[in-house]
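J.: I have a structure here, written as structure tokens, and I will follow up with some questions on it.
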Amino acid sequence: MDWQELTDLTHGQSFVVERVRLAGSGIVVEGQFEPPQLAQLSADDQVFVAAFVRSHGSIKEMERIFGVSYPTIKSRLNRIAEHLDFVDTDPAPSGADVVDRLRRGEIGVEEALAELERSR
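Position 21, counted from 1, in the sequence shown is what numbering that gives the first Met the number 0 calls 20; the numbers after and before it change by one each time, with no gaps.
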């Protein structure tokens, strides 16, 4: 069974994978694994995301590929984004990080206090 069949079978409902077999070695791992977020998208949305990546994020290229307008592409990207959790690329520093920077003299006491306050 491939992802397309699995996605069609589940009709967008969440599911858990309980058994994984490595094709090369035959090793089997059992447990409860959530599939990656992209694998949980519909097959059409997976194709759309792959096309977006292949076009290097060019909405103009996506318009050409899919024969639709800019607002349609943006709307679809927004709809897909609602199904994805995003990693915080600028997380607040931990208290230990702030104290380490203070010890090394990289920041002053006032800046350290401000950073600690923001991270609460």
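C-beta: ideal position from N, C-alpha, C; glycine also.
Is residue 72 closer than 8 Å to residue 44 when the C-beta atoms are compared?
T.: As a working note, residue 44 is residue 45 in the sequence shown. As a working note, residue 72 is residue 73 in the sequence shown. No, these two residues do not count as a Cβ contact at 8 Å.
J.: Under the assumption that residue 97 contacts residue 115 (Cβ atoms under 8 Å), give the Cβ distance between them as a whole number of angstroms.
T.: Position 98 of the sequence shown, counted from the first residue, corresponds to residue 97. Position 116 of the sequence shown, counted from the first residue, corresponds to residue 115. That pair is a contact at about 6 Å.
J.: Please check the pair residue 1 and residue 36, which I expect to be a contact at CB under 8 Å, by giving their CB distance rounded to whole angstroms.
T.: Numbered from 1 along the sequence shown, position 2 holds the residue referred to as residue 1. Numbered from 1 along the sequence shown, position 37 holds the residue referred to as residue 36. At roughly 18 Å, the Cβ-Cβ gap does not stay under 8 Å, so residue 1 and residue 36 are not in contact.
J.: Residue 28 and residue 15 - do their beta-carbons sit closer together than 8 Å?
T.: For the purposes of this step, residue 15 is taken as residue 16 along the sequence shown, with counting starting at 1. For the purposes of this step, residue 28 is taken as residue 29 along the sequence shown, with counting starting at 1. No, the Cβ-Cβ distance between residue 15 and residue 28 is not below 8 Å.
J.: Report the partner residues of residue 32 according to the DSSP bridge assignment.
T.: Translated into the one-based positions of the sequence shown, residue 32 becomes position 33. Bridge partners of residue 32: 16.
J.: In angstroms with no decimal places, state the Cα-to-Cα distance between residue 41 and residue 101.
T.: As a first step, residue 41 must be located in the sequence shown, where it is residue number 42. As a first step, residue 101 must be located in the sequence shown, where it is residue number 102. The alpha-carbon atoms of residue 41 and residue 101 are separated by roughly 48 Å.
J.: Identify the continuous alpha helix (DSSP H) that holds residue 71 and give its terminal residues.
T.: As a position in the sequence shown, residue 71 is number 72, starting the count at 1. Note, residue 71: alpha helix (DSSP H), 69 to 80.
J.: Consult DSSP for residue 86 and reduce its assignment to one of helix, strand or coil.
T.: As a first step, residue 86 is located in the sequence shown; it is residue number 87 there, counting from the start. Here residue 86 sits in coil by DSSP.
J.: Bridge partners of residue 27, per DSSP?
T.: Here residue 27 refers to the residue found at position 28 of the sequence shown. According to DSSP, which records beta bridges pairwise, residue 27 is partnered with 20.
J.: Determine the direct distance from the alpha carbon of residue 46 to that of residue 9, and round the result to whole angstroms.
T.: The sequence position of residue 9 within the sequence shown is 10, counting from 1. The sequence position of residue 46 within the sequence shown is 47, counting from 1. If I take the Cα positions, the gap works out to 18 Å.
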